[in-house]
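Below: one structure, written as C-alpha cells.
Number of protein chains: 2
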Amino acid sequence: MFTCDLERMDDKIKTFSKFGDTGHGGITRFSLSPEALEARAEFTKRCKILGMDVVTDDMANIYATLPGEAGQPAIMAGSHLDSVRQGGNYDGVLGVLTALEAVETIAKEKIPHKHPFTVIVWTNEEGARFEPAMMSSGVITGKFDKAKMLVSKDLDGITFAQALEASGYKGAEKNRLSADRQMALVELHIEQGPVLENEGFDIGVVEGVCGMVNYEFTFIGQADHAGTTPMKLRKDALFAAVKTIAYLHEELDKLDGKLVYTTGKISAHPNIHTIIPDEVRFTIDARHQDPEVIKQVVSIIHSIPKVVEKCETSYAEAWSRKTVSFYPPYVDFVEQASLELGYSAKRMYSGPGHDAQFVTDILPTTMIFIPSVHGHSHCEKEFSTLESCFKGANVVLGTLLKIDAAN
Amino acid sequence: MFTCDLERMDDKIKTFSKFGDTGHGGITRFSLSPEALEARAEFTKRCKILGMDVVTDDMANIYATLPGEAGQPAIMAGSHLDSVRQGGNYDGVLGVLTALEAVETIAKEKIPHKHPFTVIVWTNEEGARFEPAMMSSGVITGKFDKAKMLVSKDLDGITFAQALEASGYKGAEKNRLSADRQMALVELHIEQGPVLENEGFDIGVVEGVCGMVNYEFTFIGQADHAGTTPMKLRKDALFAAVKTIAYLHEELDKLDGKLVYTTGKISAHPNIHTIIPDEVRFTIDARHQDPEVIKQVVSIIHSIPKVVEKCETSYAEAWSRKTVSFYPPYVDFVEQASLELGYSAKRMYSGPGHDAQFVTDILPTTMIFIPSVHGHSHCEKEFSTLESCFKGANVVLGTLLKIDAAN
Chain A
34 MFTCDLERMD DKIKTFSKFG DTGHGGITRF SLSPEALEAR AEFTKRCKIL GMDVVTDDMA
94 NIYATLPGEA GQPAIMAGSH LDSVRQGGNY DGVLGVLTAL EAVETIAKEK IPHKHPFTVI
154 VWTNEEGARF EPAMMSSGVI TGKFDKAKML VSKDLDGITF AQALEASGYK GAEKNRLSAD
214 RQMALVELHI EQGPVLENEG FDIGVVEGVC GMVNYEFTFI GQADHAGTTP MKLRKDALFA
274 AVKTIAYLHE ELDKLDGKLV YTTGKISAHP NIHTIIPDEV RFTIDARHQD PEVIKQVVSI
334 IHSIPKVVEK CETSYAEAWS RKTVSFYPPY VDFVEQASLE LGYSAKRMYS GPGHDAQFVT
394 DILPTTMIFI PSVHGHSHCE KEFSTLESCF KGANVVLGTL LKIDAAN
Chain B
34 MFTCDLERMD DKIKTFSKFG DTGHGGITRF SLSPEALEAR AEFTKRCKIL GMDVVTDDMA
94 NIYATLPGEA GQPAIMAGSH LDSVRQGGNY DGVLGVLTAL EAVETIAKEK IPHKHPFTVI
154 VWTNEEGARF EPAMMSSGVI TGKFDKAKML VSKDLDGITF AQALEASGYK GAEKNRLSAD
214 RQMALVELHI EQGPVLENEG FDIGVVEGVC GMVNYEFTFI GQADHAGTTP MKLRKDALFA
274 AVKTIAYLHE ELDKLDGKLV YTTGKISAHP NIHTIIPDEV RFTIDARHQD PEVIKQVVSI
334 IHSIPKVVEK CETSYAEAWS RKTVSFYPPY VDFVEQASLE LGYSAKRMYS GPGHDAQFVT
394 DILPTTMIFI PSVHGHSHCE KEFSTLESCF KGANVVLGTL LKIDAAN
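Chains A and B are the protein sequences, given in the same order.
Just so we're aligned, residue 34 is where the first sequence starts under this note's numbering, counting upward by one.
Just so we're aligned, residue 34 is where the second sequence starts under this note's numbering, counting upward by one.
Spelled out as C-alpha cells, the structure:
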C-alpha cells in the first residue's frame, strides 16, 4: 500500500491556514478575495513544481493535471479554497490539499498509473461573498444560469464578473470539466458533524447526499396591546408558531431515527415586548437519504391545520433537493481503500451539499469524510486532527489508484 | 346636568387630526416635532380665546387655566398630544381635547365653580422620539432624573434638551404641578383594548393601573449544522424556548382569568435556516391588578428548570411596576357622573401605563376610559366613535364639577 507523507500533509495545512488568517484560529477567505488569490497562487506554484499542467475554465475553476498515458481521460480529486466569514482551516481546503498530497505522492514515488490525475479547485463553493453556494460547479453542470451568476454582487457592490476578470484566473470555457476528458471525481471533505467522532470511525464512506425539503411557515394573528387584551380575545401569532413547532417535533420524532430537521430561523412582528405578535415566520429544514421519509415529513407538514390558535397558518416549500447517490463501484473503492489501510469506515449520507453532488450527473463521483472534532464547522473552532487528515489523504490516494487500475 | 357640545367636540378631533396627518387615517406626531408644535399652537390659541392663562414648566408641560375663586387650588384634566409613528387620532390627544371641551363648556355656559380648572398637556408621553415613555410626568414627580432625560437622543442625534430649547415651550421649573397650587387630576384616555366594546359599556371607571412584571429569558444551546447533527446530540435553543413558552401558557392559564401575559419579542442566533440556534431570547410581560397574582406569575417563572432540552436556561426581571390605585372618592365620582348621564360604566384597571399613575403620588388622581373600536391602538386603525368621545367629555365635565363641589 502506498501512503502519503505526514510531514508534507502537516506543512500543506499550516501553509494554507495563513491565507486569510483571522488571528484566532480560523480564516476569512472569500472567493476571489486577495486572500483566496494568495491560496490559489500557492496551490498553482506547488502543482507546477510537481510538473503538473495548470489550466482554468471560464468560471476560474482550476484544473492541475499530472500526466498519464496519452489519450486517457483524467481521474479528478479536489474541493474548494474559499471559506465563510470566520470559518475554519478544513472545510473545502482539506479536499484540495489531500488531493494534492495524493498526487504529489504519486509523482514523487513514481507510482505507475494509466490515467492523468487532475486536482480541481472549485470557485466560490461557499457562496459567502457571491450567492449562491456551489456556484461554479452549478454553472458548468448546467444547474445555474451563468449570466445570472455573473451579476451576483458582494456587499461592496462588486459583481462576480468583475471579480472574475480581476482575478487573473478566468480561462476558456473549453477547459470545463467534461465526460470526454475526465472520467471520475473524488471529493474529500470534513464531516461537519459529530457522527464519525462519536461512533469512533476514521473514515466516512459517503454513499450520497441526503434529500431535503425546506419550508417556511407564516402565522397571521392580530397585534394588540399586551396590557389591554384579555387572553381569550387574543390572536397571538407567536403562540400559534410555538404550538406548531411543538407539534412538528412530536410527529417528526416518530419517523426514522436518521431524519434530521431544524427550525433555525424565526421572526416575529412587530417584535415589541408590549405588543401581541401579529406575524411570525419560521423555517424548517428536513433531511434524509430515503425519499420516502422526506415524503412522510411533507405529509406531516401538510397535516397542520389552516387555523392554529385562531391565527391563519400557511406554509410554502422554499426549496427541496432530491437525494443524490454516488457511483456505487467507487463508493466501494473508498470503503476497500480504508479497510486495506486498517482504518475503520462507516457508510453514511452527507447532510450538507457539496460540489461533487452536481458532478454526479456528468461523471462517476464519490466522496470521503473525515471526522470533525466536536462536529464544529463554519466557525473558527472547526478542527480535524492531523492524523485524520493524513488518513483521509491516504484514502484519497488509495481510491484514485483503484479507479485507475479498474479502467 | 351640564353637557358638552357634540359639534365642538367633532371640530376639535378633526382639527387636531391634521397635525401630523399621515394621509391614511392616522398621524405621526412625535414629541416637540414641527407637527406637535402646530398642535400645541392650536391648543394654546383656543385656550387664550377662552380667557385661560397659559404657562409652561421646565419640561414644556403646558398648564392652561380657567380662573376660579382667588386662592383656590386648581382641578386639572388632560393628557398628551404626541403620538407613536403612524399612530391614531385618539391616544392622548383625546384626553386633552375632552378636557378642553369640558372647560370650554364651563366657560361658555358660565357654570358656577369655586376652583380654577387647568388643562394639562404632558410633553413626550409616548417616548417614541425620546425614550423613555411618560418622560415629563416622570421628571416632575421625581421618578426620572432630569439630567438623564435631557441627553436622550432621537434618531437624528438631537437631544431632548435641544428640542426643548428650540420648541419655544420651555418654561420655569416653578410652574411645575405641585400640591400647593393643584388639588386633583382627571385623565381621560381611550381604553386601547376591546373590553368595553365587547361588553357593551360606554365608560370605563379606572380604579388603578395594573401591576406588571417583565422578564427576559435566555436559552444557550449549541450551533451545529442542520444536515449533520443527529437529533439526539442537539442542543436546540429554539426548541428549549418553545417548550418553555408552551409551559408558561399551560401554567399561567390556571391563574386568575383577568391576568394578561404576552411573549411579544423573540430572537434567535444565528437565525439561519441551516444552523441549529445556539441562543434564543424571549420576553414575557404579565399584568394583573392584584399583586398576589403577579407573585404567582413570578413563582411559575421561577419554577422553570436551569436546563431545558439540554440548553442552559436563565431569566432576569427586566422591570416591574407595582399596582397603582387611583383616589377612591374621585373614582366614585367618575362612576356617579357616568350613571347620572345615563351611561353604562364598568370598573376596571388599566393595563397600559399613563401619566396619571405618576401623579397619584402628589395629587388625588383618577382616570376615565372610553371604548376603542376593535381594541386597536398605536396604529392608524385606532378609532373611537364621536359619540363615545362626546360621552367621555361629558364624564370629564361631570367629574370636574363633582370634585369642585366636594372641596
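Beta carbons: idealized from backbone N, C-alpha and C, even for Gly.
Short CB-CB distance (under 8 Å) between residue i and chain A
i: Cys243 (chain B); result: yes
i: Ile253 (chain B); result: no
i: Thr477 (chain B); result: Any answer about residue 477 (chain B) is impossible in this case: the structure gives chain B only from 34 up to 440.
i: Pro324 (chain B); result: no
i: Asp318 (chain B); result: yes
i: Leu1 (chain B); result: Outside the displayed range of chain B (34 to 440) lies residue 1 (chain B), so it cannot be described from this structure.
i: His222 (chain B); result: no
i: His282 (chain B); result: yes
i: His411 (chain B); result: yes
Residue interval of the alpha helix (DSSP H) (run including residue i)
i: Gln195 (chain A); result: Phe193 to Ser200
i: Ser332 (chain A); result: Pro324 to His335
i: Gly431 (chain A); result: Leu419 to Ala439
i: Thr138 (chain A); result: Val126 to Lys141
i: Asp289 (chain A); result: Premise fails: Asp289 (chain A) is in no alpha helix (DSSP H) and is neither H nor E.
i: Pro106 (chain A); result: It is not in any alpha helix (DSSP H) - Pro106 (chain A) carries neither H nor E in the DSSP assignment.
i: Leu70 (chain A); result: Pro67 to Ile82
i: Arg41 (chain B); result: Leu39 to Phe49
i: Asp187 (chain B); result: Counting along the chain, Asp187 (chain B) falls outside any alpha helix (DSSP H), and DSSP gives it neither H nor E.
i: Phe391 (chain B); result: Asp388 to Val392
Under 9 Å from the C-beta of residue i: neighbouring residues of chain B
i: Pro263 (chain A); result: Gly226, Pro227, Val228, Asn231, Gly290, Lys291 and Val293
Beta-ladder partner(s) of residue i, from DSSP
i: Asp357 (chain B); result: This sequence places Val at residue 357 (chain B); Asp is not what is there. Note: Val357 (chain B) sits in a beta bridge opposite B:Val242.
i: Asn247 (chain A); result: A:Asp318 and A:Trp352
i: Tyr294 (chain A); result: A:Ala319
i: Thr89 (chain A); result: A:Ile95
i: Ile236 (chain B); result: B:Ala378
i: Ile153 (chain B); result: B:Tyr96 and B:Gly111
i: Gly120 (chain B); result: B:Ile60
i: Met400 (chain B); result: B:Glu220 and B:Val239
i: Thr346 (chain B); result: B:Phe252
i: Glu312 (chain A); result: A:Ile253 and A:His302
i: His258 (chain A); result: A:Ile308
i: Val340 (chain A); result: A:Glu345
i: Ser410 (chain A); result: Paired residues: none, contrary to the question.
Distance cut-off 7 Å: residue i Cβ against heavy atoms of the ligand HEM
i: Leu188 (chain B); result: Among the ligands in the structure shown, none appear at all, so the ligand HEM cannot be discussed.
Contacts that residue i makes with chain B (C-beta to C-beta distance below 7 Å)
i: Pro165 (chain A); result: By Cβ distance, chain B contributes nothing, its closest Cβ being about 13 Å from Pro165 (chain A), past 7 Å.
i: Leu271 (chain A); result: Thr296 and Ile299
i: Ile308 (chain A); result: Gly297
Min CB distance residue i to chain B below 8 Å
i: Arg314 (chain A); result: no
i: Ile403 (chain A); result: no
i: Ala259 (chain A); result: yes
i: Leu266 (chain A); result: yes
i: Asn304 (chain A); result: yes
i: His113 (chain A); result: no
i: Asn247 (chain A); result: yes
The beta strand (DSSP E) enclosing residue i, as first and last residue numbers
i: Ala301 (chain B); result: Ile299 to His302
i: Met167 (chain B); result: Here Met167 (chain B) belongs to no beta strand (DSSP E), and DSSP marks it neither H nor E.
i: Gln215 (chain A); result: Gln215 to Ile223
is_contact[residue i, chain E] using C-beta, thresh 8 Å
i: His146 (chain A); result: Chain labels in this structure do not include chain E; the protein chains are A and B.
Where residue i meets chain A, residues with beta-carbon distance less than 7 Å
i: Val275 (chain B); result: Val275, Ile278 and Ala279
i: Gly408 (chain B); result: Asp257, Thr261 and Thr262
Short-range partners of chain B found in the region 375–398 of chain A, where Cβ spacing is below 7 Å: Gly384 and Pro385
Residues, ordered as in the chain, of the region 328–356 of chain B that lie near chain A by beta-carbon distance below 8 Å: Ala351
Members of the region 43–66 of chain A near chain B, C-beta cut-off 9 Å: Answer set for the region 43–66 of chain A: empty.
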